[in-house]
Amino acid sequence: MYKGYLLHSKIGPQKHNGIPGTLLLMCLAFFYSFHSGLYASTPISIEKIQQMEQKTQGDIKKRFRAWGNLIKALEHESIDIKLEKVNSFFNQFRYESDLQSEGIEDYWKSPEEFIIDGGGDCEDYAIIKYFTLITLGVPTERLRITYVTSLKLNQAHMVLSYYPSPEAEPLILDSLEPEIMRASKRTDLKPIYSFNGEGLWLAKQRGQGSFMGHSNGLGKWEELMKRMQ
């Protein structure tokens, strides 16, 4: 059994490994919406990446070229190879906080902004891996950006989860860990909720978790999708 997606039937002011219940309620309030399809995840076209390469110079130009070459090279590879190569490629980029790069505390970068800046923080790694894998043909429903507590660091963290099948144990792509591991091996992470372009799931012990609504209720996700249009 893996420590995966525990559904809390009663959500109150209790704490979840250092995360106050009130914060969890705020997160759910942001997410919960009954309108579907407004901000669904869409692939990033090679043409757009090439346009950005042509518009930029120096190291930024090289990074856009490398990103485009990665997508071309992996187009016909297996999903396992796509996961491995995408994870290792983006984990080479430098970590920088939102305060360092954007001057604000919580900003979700678009994939293009991540490439231009040459890095980002945990959610930015998860976002660019997510969209790159969708571009490579990985089904959206198999991918979820997952909000966790890092028990080692005692702080909030985001990773990308890949589900080989609907009820399968997910694989974890983590900016702080070079190896892709099954969730049961990541005992240092406690999942709280996960989302993709189709919806939000509250953590549950087995399976994929409890569906809570469509992700276009999340303000930062909406803002990100608008910037990517």
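The sequence shown begins at 1 in full-length UniProt numbering and counts up by one.
Backbone N, C-alpha and C fix where the C-beta goes; we use that ideal spot for every residue, glycine too.
* To do: Indicate the three-state DSSP secondary structure (helix, strand or coil) for G68 in the structure shown.
  => G68 sits in a helix when the DSSP states are folded into three classes.
* Close-in-space but distant-in-sequence residues of the same chain around N196 (CB under 8 angstroms, 5 per side omitted) -> Cβ within range, chain order: S41, Y130, T140, E141, L143, R144, I145, S215.
* **Contact belief for A156 with Y147 at Cβ below 8 angstroms, rounded distance in angstroms** => Sure, about 7 angstroms apart at Cβ, within 8 angstroms.
* Using a threshold of 8 angstroms, state whether the C-beta atoms of W108 and K226 are closer than that. => No, Cβ-Cβ distance for W108 and K226 is not below 8 angstroms.
* Asked: Alpha carbon to alpha carbon, how far is E167 from I127?
  -> Cα to Cα, E167 sits roughly 23 angstroms from I127.
* Going by Cα to Cα distance, which pick from L160, T135, I116 is closest to E123? -> Of the candidates L160, T135, I116, the one whose C-alpha sits nearest the C-alpha of E123 is L160.
* Asked: According to the neighbour-count rule (16 or more other Cβ atoms, all chains shown, within 10 Å of its Cβ), is K72 buried or exposed?
  -> K72 is exposed by the Cβ-count criterion.
* To do: Quick one: grab the DSSP three-state call for W221.
  => Taken through DSSP and simplified to helix, strand or coil, W221 comes out as helix.
* Taking only runs of the beta strand (DSSP E) that begin and end inside the region 159 to 195, which ones reach a length of at least 3 residues, in chain order? -> As far as the region 159 to 195 is concerned, its whole beta strand (DSSP E) runs of at least 3 residues are 171 to 174, 177 to 182.
* **Three-way DSSP call (helix, strand, coil) for V86 in this model** => In the structure shown, V86 adopts helical secondary structure according to DSSP, grouped into three states.
* Asked: Is it right to say T187 is buried, meaning 16 or more other beta carbons lie within 10 angstroms of its own, or is it exposed?
  -> For T187, the number of other beta carbons within 10 angstroms of its own is below 16, and it is reported as exposed.
* Asked: Does the beta-carbon distance from K190 to L151 come in below 8 angstroms?
  -> Yes, they are a contact pair.
* To do: Since I believe L173 is in contact with N87 (beta carbons under 8 angstroms), could you give me their beta-carbon distance rounded to a whole number of angstroms?
  => Right, the Cβ-Cβ distance comes to about 5 angstroms (below 8 angstroms), so this counts as a contact.
* To do: Report the rounded CA-to-CA distance for Q229 versus T149, giving the unit in angstroms.
  => Each residue's Cα considered, the two are about 31 angstroms apart.
* Taking only the alpha-carbon atoms, compute the straight-line gap between M181 and L224 and give it to the nearest angstrom. => Rounded to whole angstroms, M181 to L224 spans 28 angstroms at the Cα level.
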